[in-house]
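S.K.: Numbered by the numbering used here, the letters in the sequence shown go through residues 13 to 368 in order. We treat Cβ as the ideally placed atom computed from N, Cα and C, and that holds for glycine. In this text, all values refer to a predicted model and were calculated from it rather than measured experimentally.
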Amino acid sequence: PDDLCSVDSNFKFEFDGPSFVTVALSTLLPTTSPSLLVLDTSFSPPLPVPPRLGDVNLDGYPDLLLIAGSRKDRTRTPHLLLSQPCSGNVKGTVGCDSPGARRGWSEVTKGADVLQGMGDARGVAFLDMDEDGTLDIMVQRTGDQGQGHVTFVQNNFYYDAFFMKAIVLNGACNGGWCTAPNSSEKYHPFGVSYSGASFKYTVLDTSGRRSAAQVAQLPQTAYQSLHTPYAFFGLGRTNNYIENLFAGSTKHSEEHFVALEMVIPNSKIVINPVPSGEWHKELYLRPGEWIPWVGVSVVGAMLGLAIVVLVLHLNEKVGYGFYASEISVAHGFCNLQREDELERRRASHHINFDAL
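#1: Using the Cα positions of N167 and E273, report the straight-line distance between them to the nearest angstrom.
#2: Is the CB-CB distance between S210 and G248 below 8 Å?
#3: May I ask which residues mark the beginning and end of the alpha helix (DSSP H) holding V126?
#4: Leaving out five residues before and five after K263 in sequence, what residues of the same chain have Cβ atoms less than 7 Å from its Cβ?
#5: Measuring alpha carbon to alpha carbon, tell me which residue in R134, I149, T218 is nearest M141.
#6: Leaving out five residues on either side along the sequence, give the residues of the same chain with a beta carbon under 6 Å from the beta carbon of L297.
#7: Considering Cα atoms alone, identify which of E143, L94, G145 is closest to A124.
#8: Measure from the alpha carbon of L59 to the alpha carbon of each residue in I303, L326, S237, then state which is nearest.
#9: Among Y242, F244, L41, which has the Cα closest to the Cα of T89?
#10: Is I276 closer than 8 Å to Y253 when the C-beta atoms are compared?
#11: With 16 as the cutoff for other CB atoms within 10 Å, does W291 come out buried or exposed?
#12: Buried or exposed: R64, going by 16 or more other Cβ atoms within 10 Å of its Cβ?
#13: So what does F164 bridge to, in DSSP terms?
#14: How would you write the range of the beta strand (DSSP E) that F245 sits in, first residue to last?
#15: Look at the alpha carbon of L139 and the alpha carbon of Q229, and state the distance between them as a whole number of angstroms.
#16: So within the region 27-76, which uninterrupted beta strand (DSSP E) runs reach at least 3 residues, ignoring any that extend past its ends?
#17: Under 8 Å, do S118 and T34 count as touching if we go by C-beta distance?
#18: Where does S99 fall in DSSP's three states?
#19: Among the residues of its own chain, which have a CB less than 8 Å from the CB of I79, if the five just before and after it don't count?
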């Protein structure tokens, strides 16, 4: 884990090796489905509609969100595809036919009736509406169906996995207090998201295997990228902290990265790269609905233990009283026996002068 930010002299891109896998966009959807929408012709000039990447099921692998259009009835419907391992032979997984492919994508059909009912989509994006750690969907629409121009679809699927949000700011006012223009009033700025920041982390899964991954913050800003201002990445199933988290920036400074250890998952970390070298770090935890029940359970367990300790203490105190009484009686009985023995000895040594 300590080598995450070390330079690898042997690093290179191999476009001819088995690790480089290409998947045609036309194969992402079944052959019976409409063609993939790549241009939004409702504007002049047309706008590109790229597939969106996001970790919906928090397994650490990117999922796809795209739009398929039909020339026959001119409908344009969003489709969500989840990343699946090719070794599982999941039905409907596309992309596993490519040489060297280890993962593919399968379309979500169960519980996706809301997406399938839209026919006027012109753009899609991932976002977390209520900051609960799940990626929701925003659909931009033309309004032909009379249901507005923007629709938000909440992700209600439950995945037994953890997530992490991380954001690197631009270090506004050197991370201190700013002065308003033409005024002496000072305020503490939050800053803005910094393009080019990256995160590397290591985490242990439930089987004890360590895995490393890297995530970029705002990797694209043009062509209506619509990325979240922070880096959102799934950690998969784990029962431990994030062992190491490295946050780096492209700022020209001596300390261009910071290393964190044992970061709590299901949280959001804000990092402000102050030029002085002392990076500010803030960790935000979202209280869950189960927090009160955990508190009640802890209080109940403490009360139960207190009652057990009190009962044992009282029993020990009563037992000590009985033991002390028995010792006193035994001690008195022993004194009587000792006095009788002395009396017999004195009687045996007594001389009867009358007999003489």
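M.R.: Taking the structure as given:
#1: Residue 167 sits at position 155 when you count from the first residue of the sequence shown. Residue 273 sits at position 261 when you count from the first residue of the sequence shown. Taking the straight line joining both Cα atoms gives about 31 Å.
#2: By one-based count along the sequence shown, residue 210 stands at place 198. By one-based count along the sequence shown, residue 248 stands at place 236. Not a contact, by the Cβ cut-off of 8 Å.
#3: On the sequence shown, residue 126 is found 114 positions in, with the first residue counted as 1. Here the alpha helix (DSSP H) through V126 covers 125-128.
#4: Taking the first residue of the sequence shown as 1, we reach residue 263 at position 251. Around K263: P285.
#5: Stepping through the sequence shown from its first residue, residue 141 is reached at position 129. With distances taken between Cα atoms, M141 lies closest to I149.
#6: By one-based count along the sequence shown, residue 297 stands at place 285. Within the same chain, L297 has close Cβ partners S279.
#7: Here the question's residue 124 lines up with position 112 in the sequence shown. If we check each option's Cα against that of A124, L94 comes out closest.
#8: Your numbering for residue 59 matches position 47 in the sequence shown. Nearest C-alpha to L59: S237.
#9: Here residue 89 corresponds to residue number 77 of the sequence shown, with the count starting at 1. For the residues Y242, F244, L41, the minimum Cα distance to T89 belongs to L41.
#10: By 1-based counting over the sequence shown, the position of residue 253 is 241. By 1-based counting over the sequence shown, the position of residue 276 is 264. Yes; because the gap between Cβ atoms is below 8 Å, this pair is in contact.
#11: For this step, residue 291 is matched to residue 279 along the sequence shown. The residue is buried, with at least 16 neighbouring Cβ atoms inside 10 Å.
#12: In the sequence shown, residue 64 corresponds to position 52, counting from 1. The residue is buried, with at least 16 neighbouring Cβ atoms inside 10 Å.
#13: Position 152 of the sequence shown, counted from the first residue, corresponds to residue 164. DSSP, once it has assigned bridges, lists M150 as partnering F164.
#14: For this step, residue 245 is matched to residue 233 along the sequence shown. First-last of the beta strand (DSSP E) with F245: 243-248.
#15: In the sequence shown, residue 139 corresponds to position 127, counting from 1. In the sequence shown, residue 229 corresponds to position 217, counting from 1. Using only the alpha carbons, I get a separation of about 14 Å.
#16: 64-66
#17: Taking the first residue of the sequence shown as 1, we reach residue 118 at position 106. Taking the first residue of the sequence shown as 1, we reach residue 34 at position 22. Their beta carbons are not under 8 Å apart, which means S118 does not touch T34 by this criterion.
#18: Start at 1 with the first residue of the sequence shown, and residue 99 comes out as number 87. In this structure, S99 counts as helix in the three-state DSSP scheme.
#19: Mapped onto the sequence shown, residue 79 falls at position 67. L48, L49, V61, R88, T89, P90, H91, A133, R134, G135, V136.
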